[in-house]
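S.K.:
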Amino acid sequence: MQQSGRDEDVINRGSRYMDLSFEYHVAALSLWNSIVDSPYLYNPCMFLARQTIELLLKGLIYRECGNIVGAKIGSGKEKRSIDNTHNLLALWDYYVQNMQPRLLPSSDDVGKIGKAIKQFAKRDNDSTKYRYPETKNPKTILNLEPIRINHTPTAFPELGNTPPILVSSQSNKVGIVTSGAANLKHGYEVFELIEMLFQMAEA
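Just so you know, we're using the working numbering here: the sequence shown kicks off at 205 and counts up by one.
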């Protein structure tokens, strides 16, 4: 009975993580919906999205990987308790390795989610990229305006090998992305990843 009580506590903890991930997701989406009008919101938006992913992964682990008390996540010297782990790829790998196969999504979805998490983890391995003006290791300066959008172009840009990217805001303003197209694409991919994880959490 005592073991069952602990399991119930772990499952409830997983639900609390997922509930908070939903709140971070709503906040991230609010900023993302304003990104065309206010592209300087990109870094805080990506931090909120990253926090959503981390909380979702931890919620899934607590809910579906059994009793993880004392478990270490990661590899080698990087192994840490779940509360001290911020590496998204390590969390995902632990989930996949410790989850009952019948409850995992299809192998295609597992591969797709794993690839997306790996790309995000490569950008922000230690959860510092979007919340400080510089990263720790390797030390790099954060680009505080990774996306630039010109809302008042005086002339339509010349068509070259790469056509210009046009974006429109909720207020029907149209602009041309002058820099940061890759970051904009990354943002869309991050929200697709979050959607896939929420679908797993709801299954």
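In this text, a Cβ means the ideal position worked out from N, Cα and C, and glycines have one as well.
#1: Cα separation between M404 and N291?
#2: Quick check on L233: does DSSP put it in helix, strand or coil?
#3: Between which residues of its own chain and Y228 is the CB-CB distance below 6 Å, once the five residues before and five after are set aside?
#4: Residues bridged to N271 by DSSP?
#5: Would you kindly report the start and end of the unbroken alpha helix (DSSP H) that includes V300?
#6: Give the straight-line distance between the Cα atoms of I369 and D287, rounded to the nearest whole angstrom.
#7: Looking at the secondary structure, which residues open and close the beta strand (DSSP E) in which G379 lies?
#8: For the candidate residues L295, V214, I277, K319, whose alpha-carbon lies nearest to that of N271?
#9: For the structure I just gave you, are there three or more beta carbon pairs, one from the region 229-249 and one from the region 265-279, closer than 8 Å?
#10: Alpha helix (DSSP H) containing I286: first to last residue?
#11: Measure the C-alpha to C-alpha separation of G280 and H355 and round it to an integer number of angstroms.
#12: So, is K343 buried or exposed, given that buried needs 16 or more other C-beta atoms within 10 angstroms?
#13: Give me the Cβ distance between I351 and P248, rounded to the nearest whole Å; I'm assuming they're in contact under 8 Å.
#14: Quick check for students: name the residue ranges of the beta strand (DSSP E) that lie wholly in the region 321-358, counting only runs of 3 or more.
#15: Spatial neighbours of T332 within its chain, please: CB distance less than 7 Å, with the 5 preceding and 5 following residues excluded, ordered by chain position.
#16: So what does DSSP say about V240, is it helix, strand or coil?
#17: Considering only C-alpha positions, which residue in the set I321, A407, N376, I345 is nearest to G391?
#18: Rounded to the nearest angstrom, what separates V300 and K276 at their Cα positions?
#19: So which of D313, G218, M303 has the shortest CA-CA distance to E399?
#20: When you compare each of M250, A231, L401, D223 to N347 by their alpha carbons, which one comes out closest?
#21: Can you check DSSP and say which residues form a bridge with I277?
M.R.: Result, derived from the coordinates:
#1: Stepping through the sequence shown from its first residue, residue 404 is reached at position 200. Stepping through the sequence shown from its first residue, residue 291 is reached at position 87. Rounded to whole angstroms, M404 to N291 spans 20 Å at the Cα level.
#2: Indexing the sequence shown from 1 puts residue 233 at position 29. Helix at L233.
#3: Here residue 228 refers to the residue found at position 24 when the sequence shown is read from its first residue. These residues qualify, in order along the chain: L252, Q255, T256.
#4: Taking the sequence shown and counting its residues from 1, one reaches residue 271 at position 67. Assignment of beta-bridge partners to N271 by DSSP yields no partner.
#5: As a position in the sequence shown, residue 300 is number 96, starting the count at 1. From DSSP, the alpha helix (DSSP H) with V300 extends over 292-302.
#6: Position 165 of the sequence shown, counting from 1, holds the residue named residue 369. Position 83 of the sequence shown, counting from 1, holds the residue named residue 287. About 41 Å.
#7: Here residue 379 refers to the residue found at position 175 when the sequence shown is read from its first residue. It spans 378-383 - the beta strand (DSSP E) in which G379 sits, taken as one unbroken run.
#8: Sequence index remark: in the sequence shown, residue 271 carries index 67 (1-based). The residue with the shortest Cα to Cα distance from N271 is V214.
#9: Output reads no: the region 265-279 does not touch the region 229-249.
#10: On the sequence shown, position 82 is the one that residue 286 refers to. Run containing I286: none; DSSP gives neither H nor E here.
#11: Here residue 280 refers to the residue found at position 76 when the sequence shown is read from its first residue. Here residue 355 refers to the residue found at position 151 when the sequence shown is read from its first residue. A direct Cα-Cα distance of roughly 50 Å separates G280 from H355.
#12: In the sequence shown, counting from the first residue as 1, residue 343 sits at position 139. The C-beta of K343 has fewer than 16 other C-beta atoms within 10 Å across all chains shown, which makes the residue exposed.
#13: Start at 1 with the first residue of the sequence shown, and residue 351 comes out as number 147. Start at 1 with the first residue of the sequence shown, and residue 248 comes out as number 44. That belief does not hold up - the Cβ atoms of I351 and P248 are roughly 13 Å apart, past 8 Å.
#14: The qualifying runs are 352-354.
#15: The residue you call residue 332 lines up with position 128 of the sequence shown. Around T332: T339, K340.
#16: Along the sequence shown, one-based indexing puts residue 240 at 36. Correct three-state label for V240: coil.
#17: For the purposes of this step, residue 391 is taken as the residue at position 187 of the sequence shown. For G391, the nearest C-alpha among the options comes from I321.
#18: Along the sequence shown, read from residue 1 onward, the residue named residue 300 stands at position 96. Along the sequence shown, read from residue 1 onward, the residue named residue 276 stands at position 72. Approximately 15 Å between the Cα atoms of the pair.
#19: Sequence index remark: in the sequence shown, residue 399 carries index 195 (1-based). The shortest C-alpha separation from E399 is found at D313.
#20: By 1-based counting over the sequence shown, the position of residue 347 is 143. Of M250, A231, L401, D223, the smallest CA-CA separation from N347 is found for M250.
#21: Taking the first residue of the sequence shown as 1, we reach residue 277 at position 73. Partner(s): R284.
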